[in-house]
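Novice:
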Amino acid sequence: MRKFLSDNVVNIKPSGIRKFFDIVSEMKDAISLGVGEPDFDTPWHIRDEGIYAFERGKTFYTSNAGLKDLRIEIANYMKRSQGLNYNPDNEIIVTVGGSEAIDIGLRAIINPGDEVIIPQPSYVSYEPCAVLAGAKPVIINLKAENDFRLTPEELLEAITDKTKILILPYPNNPTGAIMEQDDLEKIAKIIIEKDILVMSDEIYAELTYKGKHVSIASIEGMQERTILINGFSKSYAMTGWRLGYACAPKELIQQMTKIHQFAIMCAPTISQYAAVEALKNGDDDVKEMREAYNQRRRFLMNAFEKMGLECFEPFGAFYVFPCIKEFGMTSEEFATRFLQEEKVALVPGTAFGECGEGFLRISYAYSLENLKIAIGRLEKFVSKLRG
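Using our numbering, the first residue of the sequence shown is number 7, and each one after it goes up by one.
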């Protein structure tokens with residue numbers, strides 16, 4: 007069968023996240039801190055709206071771009087949260103999760119040989135999606151000493167005459183790093199000067215613990231150069247509803263909608279009705295979940311300090327990225343031994359790029375009770391390694 011398979015697809019490595027999740031799912035008394043999925047249930051008023059839509063027989067296709075009511079609410083959200091004006095008729099598309107928006111956004115702009123700049127460590131889908139679109143990924147290895155922020159110097163060094171777009175993954179998965187107004191203004195200046203685009207993945211925008219999230223699209227001259235990606239999975243605990251969206255200039259949305267039209271048709275209808283309710287009345291739910299995540303974040307940082315485990319302080323998403331270089335093991339070796347000996351699943355930093363070597367991703371989208379048990383096991387394991 008090999009001769010029938012696409013080399014492009016065969017050469018893409020499977021996700022490094024799922025390996026440990028699959029193992030821990032069959033291991034008795036094991037705890038997983040590996041998957042970025044909120045432990046909260048979708049708030050009841052959002053579920054009720056989905057149930058109500060189902061009961062009313064709202065099970066038909068929507069327009070390719072998504073329900074008009076939902077696109078209007080997305081436009082309202084972007085206005086009140088970032089001061090951005092998007093036309094719901096032609097500058098917004100509703101997708102099957104943020105991942106589809108990333109995929110079709112890249113496919114809509116890439117010609118063979120175009121270069122896509124991807125700062126890493128970052129979400130596992132960026133590089134494969136760039137490859138599948140026919141692009142050449144250009145990796146920027148972010149540094150812990152810079153708090154895993156993208157610097158202007160790093161960006162300038164990566165740009166060539168073939169650069170088409172920069173992927174800006176903040177708040178960041180897996181590091182929890184954020185980019186603040188001043189950081190973004192410096193990056194925006196380069197993007198404008200070099201005449202390239204940016205894909206800003208803001209799926210964790212509401213999970214920011216240091217001030218308010220700032221979108222690069224809100225900086226002067228950037229909205230017309232930005233494909234802004236967001237969704238409902240993280241902020242509203244709606245992972246299984248599979249709903250995201252993209253906001254961009256109408257010329258880009260038109261081409262993205264064309265791909266979406268032939269590949270997907272439309273995002274799940276029931277989910278779209280529920281998402282309207284989420285945007286209209288879900289702010290208090292988001293605040294409550296954000297406060298809980300922040301409590302867990304502070305607990306983990308305090309625990310790392312007590313056990314002497316190096317970890318820069320993250321201010322976004324729901325991940326920490328501790329350094330384990332002192333133990334002389336690869337991230338894969340550490341995670342494998344920790345799972346086998348202490349029955350806790352973490353994700354090796356290398357799942358998010360080679361520069362993740364020497365780090366682990368720990369998700370705190372889990373209960374404080376489970377976090378306390380897992381960290382107790384980590385402290386025991388670290389003490390044993392230190393001998």
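Heads up, the beta-carbon is just placed ideally off N, CA and C, and yes, glycines get one too.
Judging by CA-CA distance, which residue of K264, G182, F321 is the nearest neighbour of D109?
Specialist: The residue labelled residue 109 in the question sits at position 103 within the sequence shown. Selected option, being the one with the closest Cα: K264.
Novice: For the candidate residues Y251, T356, S224, R392, whose alpha-carbon lies nearest to that of E106?
Specialist: What you label residue 106 is simply residue 100 of the sequence shown in a count that begins at 1. Checking every option, the nearest Cα to that of E106 belongs to Y251.
Novice: From S206 to I124, what does the alpha carbon distance come to, in whole angstroms?
Specialist: By 1-based counting over the sequence shown, the position of residue 206 is 200. By 1-based counting over the sequence shown, the position of residue 124 is 118. Going from the Cα of S206 to the Cα of I124 covers about 11 Å.
Novice: Less than 8 Å between C-beta atoms, sequence neighbours within five positions excluded: which residues of the same chain meet that for K386?
Specialist: As a position in the sequence shown, residue 386 is number 380, starting the count at 1. E348.
Novice: How is K378 classed by DSSP in three states: helix, strand or coil?
Specialist: Reading the sequence shown from its first residue, position 372 is the one you call residue 378. Three-state DSSP puts K378 in a helix.
Novice: Name the DSSP bridge partner or partners of C253?
Specialist: By 1-based counting over the sequence shown, the position of residue 253 is 247. In the DSSP output, where bridge partners are listed per residue, C253 has I98, L234.
Novice: Based on the DSSP secondary-structure assignment, which residues constitute the bridge partners of C329?
Specialist: For the purposes of this step, residue 329 is taken as the residue at position 323 of the sequence shown. The partner list for C329 (beta bridge, DSSP) reads F365.
Novice: I'd like to know whether the C-beta atoms of E208 and I171 end up nearer to each other than 8 Å.
Specialist: The residue you call residue 208 lines up with position 202 of the sequence shown. The residue you call residue 171 lines up with position 165 of the sequence shown. No, the Cβ-Cβ distance between E208 and I171 is not below 8 Å.
Novice: Comparing C-alpha positions only, which one of T356, R343, I78, I368 sits nearest to L148?
Specialist: Residue 148 sits at position 142 when you count from the first residue of the sequence shown. Closest by alpha carbon: T356.
Novice: Taking C-alpha atoms, which residue in V388, Y370, L391, R392 lies nearest to I37?
Specialist: In the sequence shown, residue 37 corresponds to position 31, counting from 1. The option with the nearest alpha carbon to I37 is Y370.
Novice: Just how far apart, CA to CA, sit C135 and P94?
Specialist: Reading the sequence shown from its first residue, position 129 is the one you call residue 135. Reading the sequence shown from its first residue, position 88 is the one you call residue 94. Each residue's Cα considered, the two are about 26 Å apart.
Novice: Which same chain residues end up closer than 8 Å to A211 when comparing Cβ atoms and leaving out the 5 residues on each side of it in sequence?
Specialist: Here residue 211 is taken as the residue at index 205 of the sequence shown, counted from 1. S87, P177, H219, S221, N236, S241, listed in sequence order.
Novice: Relative to the C-alpha of G89, which residue among E159, D289, I225 is closest?
Specialist: Position 83 of the sequence shown, counted from the first residue, corresponds to residue 89. The shortest C-alpha separation from G89 is found at I225.
Novice: Helix, strand or coil: which one does DSSP assign to V16?
Specialist: Your numbering for residue 16 matches position 10 in the sequence shown. Reduced to three states, the DSSP call for V16 is helix.
Novice: Does the Cβ-Cβ distance between Q267 and L76 come in under 8 Å?
Specialist: Position 261 of the sequence shown, counted from the start, is the residue given in the question as residue 267. Position 70 of the sequence shown, counted from the start, is the residue given in the question as residue 76. For Q267 and L76, no; Cβs fall outside 8 Å.
Novice: Assuming I52 and G227 are in contact, meaning their beta carbons sit under 8 Å apart, how far apart are those beta carbons, in whole angstroms?
Specialist: Residue numbering aside, residue 52 sits at position 46 when the sequence shown is read from its first letter. Residue numbering aside, residue 227 sits at position 221 when the sequence shown is read from its first letter. The pair is not a contact, with the Cβ atoms about 36 Å apart (cut-off 8 Å).
Novice: Expressed to the nearest angstrom, what Euclidean distance is found between the alpha-carbon atoms of R302 and I368?
Specialist: For this step, residue 302 is matched to residue 296 along the sequence shown. For this step, residue 368 is matched to residue 362 along the sequence shown. For R302 and I368, the distance between alpha carbons rounds to 11 Å.
Novice: What separation, rounded to the nearest whole angstrom, lies between the Cα atoms of K9 and I270?
Specialist: Sequence index remark: in the sequence shown, residue 9 carries index 3 (1-based). Sequence index remark: in the sequence shown, residue 270 carries index 264 (1-based). When rounded, the distance between both Cα atoms is 28 Å.
Novice: Measure how close the beta-carbons of L345 and V326 come, nearest whole angstrom, since I'm counting them as under 8 Å.
Specialist: Along the sequence shown, read from residue 1 onward, the residue named residue 345 stands at position 339. Along the sequence shown, read from residue 1 onward, the residue named residue 326 stands at position 320. 18 Å between Cβ atoms; not a contact.
Novice: Could you pull the start and end residues of the alpha helix (DSSP H) that V122 belongs to?
Specialist: The sequence position of residue 122 within the sequence shown is 116, counting from 1. Where V122 is concerned, there is no enclosing alpha helix (DSSP H), although the beta strand (DSSP E) it sits in stretches over 121-126.
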